[in-house]
Amino acid sequence: MKIINLFVYIICILGSYTASAENNHAREKTVPYQQQKVSFKSGENTLQGILFTPSQSNGKTVTLIGPVGYVKEQAPLLYGQSLAEKGYTALIYDPSSHGESEGEPRRTESAEQKTLDIIASVDYLSSLDTVNQSEIYGLAICQGVNWMIKAVNRDKRIKAMSLVAGHYLDPEVAEMYNGGKERLKEVISKAEKAKEKYAATGEVDYIPIVGSIQQDALLASPHVYDWYIPWENNANGLGGKWENRISQMSLLDIWQADVAKDLQKIKKPTLFIHSDKAASGSSIPKRLFSVIPTSDKSLVWFEDQFQTMFYDDRALIKRAVGHVDKWFNETRNLQ
1 MKIINLFVYI ICILGSYTAS AENNHAREKT VPYQQQKVSF KSGENTLQGI
51 LFTPSQSNGK TVTLIGPVGY VKEQAPLLYG QSLAEKGYTA LIYDPSSHGE
101 SEGEPRRTES AEQKTLDIIA SVDYLSSLDT VNQSEIYGLA ICQGVNWMIK
151 AVNRDKRIKA MSLVAGHYLD PEVAEMYNGG KERLKEVISK AEKAKEKYAA
201 TGEVDYIPIV GSIQQDALLA SPHVYDWYIP WENNANGLGG KWENRISQMS
251 LLDIWQADVA KDLQKIKKPT LFIHSDKAAS GSSIPKRLFS VIPTSDKSLV
301 WFEDQFQTMF YDDRALIKRA VGHVDKWFNE TRNLQ
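For what it's worth, UniProt numbering labels the leading residue of the sequence shown as 1, then goes sequentially.
The structure is reproduced here in structure tokens:
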């Protein structure tokens, strides 16, 4: 009888030890954030997004916008995750006419609509009980920087912004990407005709986002093509509804833009993160940074990382987010 009681006691002790070990292991494996699909309105369009909610919030919230023709599963996803790991509530989404979001004509880049989408994302975040409305920030990647700059000039609720590897839409950049003034004129002429055709018939002309000059592709770099094309048929297994097309009339808002005019109005704290081989080259971002009138600005220059590394290189993204986090903390008490 004593042997049986001793055996039962040992079993109980072992069970208690195992349960305690499992609980400790579970605590060690606690995820730093939760993510959930959300939707919100931008004008008449319903946009589909992902909201990252940290397990331990730092009280700050960020809305993100990505490269030209992007979907949320691309670059914004890793930035959203990295920010959430640092305690930020972060929102990524498919902009109007792209991915899972509503909007016509499909796959159209509109400066005004992209700006309105950012403002709508702030409306949505401001409606959440968990969000401190005085602690909303903006982060933009690649071409998204141009629309974030416009939104910050129009929406006082965005406290500060960080611009990563910006594809700054500038007349010099337009010529550089299109092989000079003459071809740029041809590109603009075709885009104008496409816009006139849409206005008259409702028919949309499309060009590839990535491809060859002969295809009138927006981006003709082989390296950029190699990065993007697996997304077209989900060959990389990463999801998202990315399509290798953009409406030709979109090129008017892209190649006729002059971001310097918007930067000259900036009054909010602004961080530039760039590198020698990122979009816009090595000199143009520095020139544009110099026209920002506010003294609350910072330029962080990385080495020679190529543009698409800022989209999926996790170590590089964590490094960039480290600077973003430091900047938002430094600017927290400004204004």
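A virtual CB, placed ideally from N, CA and C, is assigned to each residue, including glycine.
CB-CB length for residue i against residue j, believed under 8 Å
i	j	result
residue 336	V68	Residue 336 lies beyond the residue range present for the chain, which begins at 1 and ends at 335; the question has no answer from this structure.
A314	L51	Before going on, a small fix: residue 314 reads as Arg here, not Ala. Actually they are not in contact, since the Cβ atoms of R314 and L51 sit about 21 Å apart, beyond 8 Å.
W327	V71	The pair is not a contact, with the Cβ atoms about 26 Å apart (cut-off 8 Å).
Same chain, Cβ closer than 7 Å to residue i, five either side skipped, listed in chain order
i	result
V236	The identity of residue 236 in the sequence shown is Asn, whereas the question assumes Val. If we look at N236 and ignore the five residues flanking it on each side, its Cβ neighbours are P230.
E175	K181, L184
residue 337	Given a span of 1 to 335 for the chain in the structure shown, any question on residue 337 remains unanswerable.
I306	It is Phe, not Ile, that sits at residue 306 in the sequence shown. For F306, where only same-chain residues beyond five positions count, the Cβ hits under 7 Å are H223, K277.
A257	A111, N146, L169
I92	G49, I50, L64, K72, P76, L77, G80
Beta-carbon proximity of residue i to residue j, cut-off 9 Å
i	j	result
S82	S97	no
V145	L163	yes
D94	V122	no
A160	S42	no
A260	L288	yes
I149	P76	no
G240	Q74	yes
S275	D304	yes
K114	I65	yes
E135	R332	yes
Outcome for residue i when other beta-carbon atoms lying within 10 angstroms are tallied against a minimum of 16
i	result
H223	exposed
Y228	buried
R107	buried
W301	exposed
V31	exposed
H25	At H25 the pLDDT is 46, less than 50, meaning the model places this residue with poor confidence; the figure from the coordinates comes in the next sentence. Answer is exposed; the Cβ neighbour count stays below 16.
S189	exposed
V321	buried
I254	buried
V291	exposed
Q214	exposed
8 Å CB neighbourhood of residue i in its chain, flanking five on each side removed
i	result
T46	S39, F40, S101, E102
T53	Y33, Q34, Q35, Q36, A84, T89, T130
T294	I266, K267, K268, P269, T270
K318	S82
E22	Bear in mind that the predicted position of E22 carries a pLDDT of just 49, short of 50, making it unreliable; the figure below should be weighed with that in mind. So the list is empty, once near-sequence residues are dropped.
H323	S162, L271, I273, V300
E172	I284
Close-in-space but distant-in-sequence residues of the same chain around residue i (CB under 6 Å, 5 per side omitted)
i	result
V62	L83, Y88, A90, Y137, L139
D117	S42, P95, S96
D325	K86
Segment contact, 8 Å Cβ cut-off, at least three pairs: the stretch 248 to 259 with the stretch 189 to 196 = Yes: the two stretches touch, three or more of their Cβ pairs being nearer than 8 Å.
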